[in-house]
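Chemist: Protein chains in written order, with the numbering used here: chain A, 1 to 425; chain B, 1001 to 1425. Every residue, glycine too, gets a C-beta built ideally from N, C-alpha and C. Input: one structure, supplied below.
There are 2 protein chains.
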Amino acid sequence: MRAAILTVGSEITTGRIADTNAQWVSGRLLGIGITTGLMLSVDDVGEDIAAALRTALSWGELVWVTGGMGPTADDITVSTLAGALGLSMVEDPGTASRVKEWYSRRGTPPSRESLRQAQVPAGARVFANPVGSAPGLIVEAGGRTVVMLPGVPAEMKALAEGFILPALAGRGIPTETRIFKMAGVPESVVDARVRDVWKGLGPGETLALQIESGEVFLRAKVSGPDGARAAARMGELEAALRARLGPDLYATGDETLEGAVVARLKAMNSTLATAESVTGGMLASRIVAVPGASGVFVGGLVAYGEGEKTRMLGVPGELIASHGAVSPETASAMASAARKVTGADWVVATTGYAGPGGATERGATERGATERGATERDPVGTVYLALEGPGVATVERRWFRGERNTVRTYAVTHALEILRRGLGS
Amino acid sequence: MRAAILTVGSEITTGRIADTNAQWVSGRLLGIGITTGLMLSVDDVGEDIAAALRTALSWGELVWVTGGMGPTADDITVSTLAGALGLSMVEDPGTASRVKEWYSRRGTPPSRESLRQAQVPAGARVFANPVGSAPGLIVEAGGRTVVMLPGVPAEMKALAEGFILPALAGRGIPTETRIFKMAGVPESVVDARVRDVWKGLGPGETLALQIESGEVFLRAKVSGPDGARAAARMGELEAALRARLGPDLYATGDETLEGAVVARLKAMNSTLATAESVTGGMLASRIVAVPGASGVFVGGLVAYGEGEKTRMLGVPGELIASHGAVSPETASAMASAARKVTGADWVVATTGYAGPGGATERGATERGATERGATERDPVGTVYLALEGPGVATVERRWFRGERNTVRTYAVTHALEILRRGLGS
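Below you can see the structure in the form of structure tokens.
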């Protein structure tokens, strides 16, 4: 079964937002073994919707439409699609009574527009929206399956997860997918280590490498006519990949790097603090984004301006003067000092040159205090990351190519990975 | 002139990334008066590319294609498009010599694959890629204009800004666009204030309201056959909007809220520090993201764990015990204390309850230290923002709906806006 995804709305065709609905849908369809052959986006204009639907129907046995299903007069997707499919519109009693009830609770009669949401193509399966008013629809017509969902992402996802994807689950090729997550190890190293697994892949099996903010994700997929065999084969692949990736692997699912670090600290009943220069609060922010981080994260210091490493952290001015603000010595001293100030068990410290430096950077001629010392040995993009904990004191040097915020983002990822390894996870 | 945008690549159709290239292109085309009627995405499969091109050609006088133009064997977009347009392929001498030069500098002969990038449709205008190897192409065929660009965003944008958009600039309807940026003022208030301007809009004129991370953007567009008249009319609209939006307006262009704050501090020759609890480093990080921030940003403290507001900042434990960690008194005390610790002229402090609380939050049953005190009066989503500076000491309460990171993001935006107003900008 191949799919075509059609998203309707001027917010997409005018470039106001990226089409994250189509991205989400294609990813989820792939998870149940349905490949997306075509994605289409058009404005809320009747003839454009109808023409796009005709194109979509010619591409895939499944056509998944989102958007243009609200209560206002310009939300014409459902009636337009019904017309294009040669179906009349009928009232769905369930939706009509939900709309009336919603209004009666507010003491007003339902508007004509709101009742339009109860009009559905004849023969449609109707699914009540758990977080909004527009229902989800599945229409079978002319050998094609057409899904129609509202465009509000939370409503679309709730309907898709609750009803549509389960209803379609048996229609795709049985597919197993798994993601293997690493950080701090170069893509080329991962590539070389799993080369033999790659070469041993059979039909319907893929491995794909992806880099994201300094992390390396390896995505495995096995699909075939037999679900049990696909699951067994994925088990074999996972064992082979785990053997080759070893402790570089920090997760095989939804877990994030910062989530893995917080979980490990919690299990160890240990606390963490941060001392940041080049990353400017981004490291603390990424840790705090993990629910429950407050159980282990004590706090952080952002010693950004000149003199602050001394004033806020108590790093001796002479140490900075003799080794430089961007040096292994300063990074280590920041970690030690922050450990004293906060009393945390573990501290990660960052210092480096983020630029401006990249060609795409606005204000590229400005150079702030942290850039003044950049040298041929330590050019822009150089970062020192120090870790201090019970019986542990290390410092590592990294160099990242890219503009200011790329360097900062990569530095945060590598700092988290150094912490994860230091924690023995 | 109407456009169809075709993006090629399995990273889009499998949902690995959102199609931000199509978003960017449609926004830029709108800026030169060209409306996008259709967006299409397909995998790097010859027959799919050809079929999508035929669909695109039937929709728009301009077809803009990105992706599938690299040096590898599966990058077949250009030859496929040439075939579909009935054009033969010829070698472009300029591209061929650039490829050969690139390889000779590395001491190796160019591979056959790399030389494929010099093969272009006969009659194409060829534009050298300033940041990569695949050139940009404009082909005129059968009354249609087809643009072909590589899919790497930096390469696509460099070619588009440098050559393609200027070449197309005269072809659209003359259009003026302007964005009016505000923060800390509700969308409904902006809506009411500009209602009369909205009602006075003529044909070809639009105003659109958009909310983004707690900011409110008002986008104005004037298009018409006469460029000078459109510019004059935009001038009138800008004057009318400025009169109604007053000091709530922080920028009318690319400037960000944090950029406006940094620029204002620089102009005042003043320094800034942050004291964060609920925002956990995100406020500092957003300020540090501005190039040149080191000239004004001294540093920050993230006092996240229980007791850290006392230990790191010296906020009296009794004050916290009697008023609560999330209270106007604690927010003010954090700002005062951080001003003493850092010596900065201005300090912004944040404290609040971010949740978990939203239904979509993973780990929703966990409640960290900052959530323990949430009450009916101060439910999850409540944030206190304090500002202290020369002769200024204020504290404001806000409440934001949403999951953990939404609350934090909104809190950062509002903290920056309170700072901007405090600076008198």
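Does any C-beta atom of chain B lie closer than 7 Å to the C-beta of A/Val380?
Modeler: For A/Val380, the answer is no, since every Cβ of chain B falls outside 7 Å of its Cβ.
Chemist: Hey, B/Gly1132 and B/Ile1173 are a contact pair by Cβ (cut 8 Å); roughly how many whole angstroms apart?
Modeler: Going by Cβ atoms, the distance from B/Gly1132 to B/Ile1173 rounds to 32 Å, so no, they are not a contact pair.
Chemist: Quick one: is B/Asn1021 buried, meaning 16 or more other Cβ sit within 10 Å of its Cβ, or exposed?
Modeler: The residue in question, B/Asn1021, is buried, as its Cβ has 16 or more Cβ neighbours within 10 Å.
Chemist: At the 7 Å Cβ level, is A/Glu388 part of the contact set with chain B, yes or no?
Modeler: No, because no Cβ of chain B sits closer than 7 Å to the Cβ of A/Glu388.
Chemist: For a contact meaning CB atoms closer than 7 Å, what does B/Ile1076 contact in chain C?
Modeler: Protein chains in the displayed structure are A and B, and chain C is not among them.
Chemist: What does the Cβ neighbour count give for B/Val1296, buried or exposed, with the cut at 16 atoms within 10 Å?
Modeler: Result: buried.
Chemist: According to the neighbour-count rule (16 or more other Cβ atoms, all chains shown, within 10 Å of its Cβ), is A/Val278 buried or exposed?
Modeler: Buried: at least 16 other Cβ atoms inside 10 Å.
Chemist: With a threshold of 7 Å between beta-carbons, can A/Thr95 be considered close to chain B, or not?
Modeler: It does not; no Cβ of chain B falls within 7 Å.
Chemist: Determine the closest residue to A/Gly67 out of A/Gly200, A/Ser97 and A/Pro150, with distance taken between C-alpha atoms.
Modeler: Per the Cα distances, A/Pro150.
Chemist: Given a threshold of 16 other Cβ atoms within 10 Å of its Cβ, counted over all protein chains shown, does A/Thr429 qualify as buried or as exposed?
Modeler: This structure does not reach residue 429 of chain A, given that chain A is present from 1 up to 425, and the question cannot be answered.
Chemist: Please classify A/Trp64: is it buried, with 16 or more other beta-carbons within 10 angstroms of its beta-carbon, or exposed?
Modeler: A/Trp64 should be labelled buried.
Chemist: Any beta carbon of chain A sitting closer than 7 Å to that of B/Asn1405?
Modeler: At least one chain A Cβ lies under 7 Å of B/Asn1405.
Chemist: For the beta strand (DSSP E) that B/Leu1207 lies in, which residues bound it at each end?
Modeler: Run containing B/Leu1207: Glu1205 to Glu1212, per the beta strand (DSSP E) assignment.
Chemist: Going straight from the alpha carbon of B/Gly1357 to that of B/Gly1305, what length do you get?
Modeler: Here the model assigns B/Gly1357 a pLDDT of 44, short of 50, so the residue's position is not dependable, and the following value carries that caveat. So the alpha carbons of these two residues sit roughly 19 Å apart.
Chemist: Just tell me which of A/Leu237, A/Ala284, A/Ile164 and A/Val25 has its CA closest to the CA of A/Pro196.
Modeler: In the sequence on display, residue 196 of chain A carries Asp and not Pro. When each option's Cα is compared against that of A/Asp196, the closest is A/Leu237.
Chemist: Where does the unbroken alpha helix (DSSP H) through B/Pro1328 begin, and where does it stop?
Modeler: Its alpha helix (DSSP H) spans residues Pro1328 to Thr1342.
Chemist: For chain B, check one thing: does any of its Cβ atoms lie closer than 7 Å to the Cβ of A/Glu113?
Modeler: Output row for A/Glu113: interface = no.
Chemist: Note the first and the last residue of the continuous alpha helix (DSSP H) segment covering A/Met312.
Modeler: First-last for A/Met312: undefined, no H or E at that position.
Chemist: For B/Ser1041, which of helix, strand or coil comes out of DSSP?
Modeler: Three-state DSSP puts B/Ser1041 in a strand.
Chemist: Taking the C-alpha atoms as reference points, what is the distance between B/Ala1359 and A/Glu258?
Modeler: Low confidence applies here, because B/Ala1359 scores a pLDDT of 27, under 50, leaving its location unreliable and the question unanswered by this model.
Chemist: How big is the Cα-Cα spacing for B/Arg1112 and A/Leu62?
Modeler: The straight-line gap from Cα to Cα measures roughly 40 Å.
Chemist: For chain B, is any of its Cβ atoms less than 7 Å away from the one on A/Ala289?
Modeler: Output row for A/Ala289: interface = yes.
Chemist: What would DSSP say about B/Arg969, mapped onto helix, strand or coil?
Modeler: Since the displayed chain B opens at 1001 and closes at 1425, residue 969 of chain B lies outside it and no answer follows.
Chemist: If we cut at 7 Å on Cβ distances, does B/Pro1316 have a partner in chain A?
Modeler: With 7 Å as the cut-off, B/Pro1316 does not count as an interface residue toward chain A.
Chemist: For the region 332-343 of chain A against the region 267-276 of chain A, are there 3 or more C-beta pairs whose distance is under 8 Å?
Modeler: Yes, since at least three Cβ pairs between the region 332-343 of chain A and the region 267-276 of chain A fall closer than 8 Å, the two stretches touch.
Chemist: Given a cut-off of 7 Å on the beta-carbon distance, is the pair A/Ala96 and A/Ala118 in contact?
Modeler: Cβ atoms of A/Ala96 and A/Ala118: closer than 7 Å.
Chemist: Could you pull out every residue in the same chain whose Cβ sits closer than 6 Å to the Cβ of A/Ala50, ignoring the five residues on either side in sequence?
Modeler: Correct list, in chain order: Thr80 and Ala84.
Chemist: State the Cα-Cα distance for the pair A/Val45 and A/Ala260, rounded to the nearest angstrom.
Modeler: So the two alpha carbons sit approximately 47 Å from each other.
Chemist: As a quick exercise: from B/Gly1184, B/Phe1163, B/Leu1385 and B/Gly1355, pick the residue whose alpha carbon is nearest that of B/Val1347.
Modeler: Among B/Gly1184, B/Phe1163, B/Leu1385 and B/Gly1355, the Cα nearest to that of B/Val1347 belongs to B/Leu1385.
Chemist: Return yes when the C-beta of A/Gly170 is under 6 Å from any heavy atom of the ligand SAM, and no when it is not.
Modeler: As far as ligands go, the structure on display features none, and thus does not contain the ligand SAM.
Chemist: Consider the Cβ of B/Asp1019: report whether some Cβ of chain A lies at a distance smaller than 7 Å.
Modeler: With 7 Å as the cut-off, B/Asp1019 counts as an interface residue toward chain A.
Chemist: For B/Gly1037, collect the residues of the same chain with a Cβ closer than 8 Å to its Cβ; drop the 5 residues on either side in sequence, then sort them by chain order.
Modeler: Excluding residues within five positions, the ones whose Cβ falls inside 8 Å are Arg1002, Ala1003, Ala1004, Trp1059 and Gly1060.
Chemist: Going by Cα to Cα distance, which pick from B/Glu1101, B/Ala1220 and B/Asp1254 is closest to B/Ser1114?
Modeler: Checked all of B/Glu1101, B/Ala1220 and B/Asp1254; the closest Cα to B/Ser1114 is B/Glu1101.
Chemist: Which residues in chain A sit within 7 Å of B/Leu1030, going by Cβ to Cβ distance?
Modeler: Chain A residues near B/Leu1030: Thr14 and Gly15.
Chemist: Tell me whether the beta-carbon of B/Glu1417 lies closer than 7 Å to the beta-carbon of B/Ala1160.
Modeler: Cβ atoms of B/Glu1417 and B/Ala1160: not closer than 7 Å.
Chemist: So, helix, strand or coil for A/Ile5, using DSSP?
Modeler: Correct three-state label for A/Ile5: strand.
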